[in-house]
Structure formats: structure tokens, C-alpha cells
Amino acid sequence: MMNFKKHEIALQLQKTLKDGFYQFMNIHWHQLDDIALIYDNPVCLCLDLLSLYHHRTTESSLQQTLLNMQMKYQNQNHKSLTSISEEDMFALIHDMQKMNLMAFLN
């Protein structure tokens with residue numbers, strides 16, 4: 477059951493990252509089709525997307541929010557999905573979805 481939950485998390489994160497990269501770069505990042513990439517380095521991928529959006533926005537309050545998100549997850553960078561708690565992964569997915577929504581509204 478635990479492995480199923482991790483895979484469910486990986487699929488949610490995969491969809492969120494695909495949506496984010498498409499939204500910011502208007503491209504489909506086909507490398508994200510490989511779920512192993514999500515399992516190997518989920519936080520690093522999220523930090524890349526946060527950084528991309530941070531550099532593209534000019535609104536200072538939004539930039540600060542993005543920096544706060546980056547700092548929140550920095551200590552888990554380069555960890556695999558299986559070594560991060562479910563609670564932390566759901567928080568990461570929630571933050572990434574929130575970031576995608578903020579980007580859509582701006």
C-alpha cells in the first residue's frame with residue numbers, strides 16, 4: 477500500500493510540473509513523461525520551476541513568496557521521492573499548484 481501511495485504522489489507531482497512548465501515556457505517537457513525522473517529528484521525539478529518563475533515575474537510580493545517556497549524545500553533538494561515523507565511531498569505538491577495558480581492569475 478505504501479508503494480501505491482508514493483506512486484500516486486509521483487503522478488500528482490508529474491502532472492503539476494508538466495502544467496507549470498507548459499504555463500511558463502509554453503512547451504511540453506517530454507522528459508517529464510519518464511516517471512523515473514520524478515522519483516529520482518522531485519524537489520530539484522520543483523526548485524527549477526520556482527526559479528524560472530521567480531526570474532520571469534516582476535511583482536515583488538510574488539518574488540518573495542517564490543523565494544520563501546524555494547527556501548522551504550532547499551534542504552530536501554537531491555533527495556529521492558522515497559526518502560521524503562508523504563506529508564512533505566503533499567505540501568510540495570500543494571505549493572507548486574498554488575504557484576501555478578498565482579502564475580495563471582498574473
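According to our numbering, the sequence shown is numbered sequentially starting from 477. From the three backbone atoms N, C-alpha and C, an ideal C-beta is built for every residue, glycine too.
Boundaries (first-last residue) of the alpha helix (DSSP H) holding residue i
i	result
His506	Premise fails: His506 is in no alpha helix (DSSP H) and is neither H nor E.
Ser537	Ser536 to Gln550
Lys574	Glu562 to Leu581
Leu526	Pro518 to Arg532
Top-ranked residue by Cα proximity to residue i, from the options
i	options	result
Asn517	Glu484, Leu581, Leu557 and Ile503	Leu557
Met534	Gln552, Lys481, Asn553 and Met578	Note on residue identity: the sequence assigns Thr, not Met, to residue 534. Nearest option by C-alpha distance: Met578.
Lys494	Phe480, Met565 and Asp509	Asp509
Met575	Ser537, Lys481, Ile511 and Ser561	Ser537
Leu523	His506, Leu487 and Lys555	Lys555
Gln552	His506, Ala567, Glu484 and Gln539	Ala567
Cβ-Cβ separation, residue j to residue i (assumed contact under 8 angstroms), whole Å
i	j	result
Lys481	Glu562	6 angstroms
When you compare the region 540 to 553 with the region 495 to 502, are there three or more beta-carbon pairs, one atom per stretch, that lie closer than 8 angstroms?
With a cut-off of 8 angstroms, the region 495 to 502 and the region 540 to 553 do not count as touching, because too few Cβ pairs lie within range.
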